[in-house]
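Please read the structure below before turning to the comments.
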Amino acid sequence: MAVTPAFIDELRNRLTLSDLVGRRVKLVPKAGRLAGLCPFHNEKTASFYVNDTEGFYHCFGCGANGDMISWLRETDGLEFIEAVRQLSEMAGLPLPENDRASDVAAQQRKATVDACEAAAGFLSPNFTQKKVRPPCTISDSADFLMM
15 MAVTPAFIDE LRNRLTLSDL VGRRVKLVPK AGRLAGLCPF HNEKTASFYV
65 NDTEGFYHCF GCGANGDMIS WLRETDGLEF IEAVRQLSEM AGLPLPENDR
115 ASDVAAQQRK ATVDACEAAA GFLSPNFTQK KVRPPCTISD SADFLMM
């Protein structure tokens, strides 16, 4: 499954964060935003705010913050893809299928990462060795260029 930024944006357009958060936290209007008691720490005064316009939540008490996906990940202990799947069900939006182009791109990314890891494994001992090589001379450089 290829979850694109455009698909995430469509989820955010179809759902409101306050509806999602409001299932667990009683939210009341306060200073142009919605406020409630933070579910991430114990408090008596509301320091947890939800901003539907920007699509994020923030607690000024403990610093917890995020969007719809991070809300589900933190409160329900879901992985990213599971949170996206749950949001897509709520929005009535089918998850995008993998297409051939995204499979090829994923294989290319994996090959690039594998090559970088192999290079790092090969080169990293050179960064930790304290062996000093003599500088190249002009004749060494000329010999190299004439090869």
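According to my numbering, the sequence shown is numbered sequentially starting from 15.
Each residue gets a CB set at the ideal place from its N, CA and C atoms; glycine is no exception.
Legend entry - Residue from Asp157, Leu48 and Phe54 whose Cα sits closest to the Cα of leucine 31: As a position in the sequence shown, residue 31 is number 17, starting the count at 1. Comparing Cα positions, the closest option is Leu48.
Legend entry - Residue of Ala16, Thr18, Trp85 and Asp33 minimising C-alpha distance to alanine 105: Reading the sequence shown from its first residue, position 91 is the one you call residue 105. When C-alpha distances from alanine 105 are compared across Ala16, Thr18, Trp85 and Asp33, the shortest belongs to Asp33.
Inset, instruction - Assuming leucine 51 and alanine 45 form a contact by the criterion Cβ under 8 Å, report the distance between their Cβ atoms to the nearest whole angstrom. - result: Position 37 of the sequence shown, counted from the first residue, corresponds to residue 51. Position 31 of the sequence shown, counted from the first residue, corresponds to residue 45. Cβ-Cβ separation between leucine 51 and alanine 45: approximately 16 Å, too far for a contact (criterion under 8 Å).
Legend entry - DSSP three-state assignment for alanine 16, whether helix, strand or coil: Translated into positions along the sequence shown, residue 16 becomes position 2. DSSP places alanine 16 in coil when its eight states are reduced to three.
Legend entry - Beta-carbon gap between methionine 82 and leucine 41 smaller than 8 Å: Locating residue 82 in the sequence shown gives position 68, where the first residue counts as 1. Locating residue 41 in the sequence shown gives position 27, where the first residue counts as 1. Not closer than 8 Å, so no.
Inset, instruction - List the residues that DSSP assigns as beta-bridge partners of histidine 72. - result: Start at 1 with the first residue of the sequence shown, and residue 72 comes out as number 58. According to DSSP, histidine 72 shares a beta bridge with Tyr63 and Asn79.
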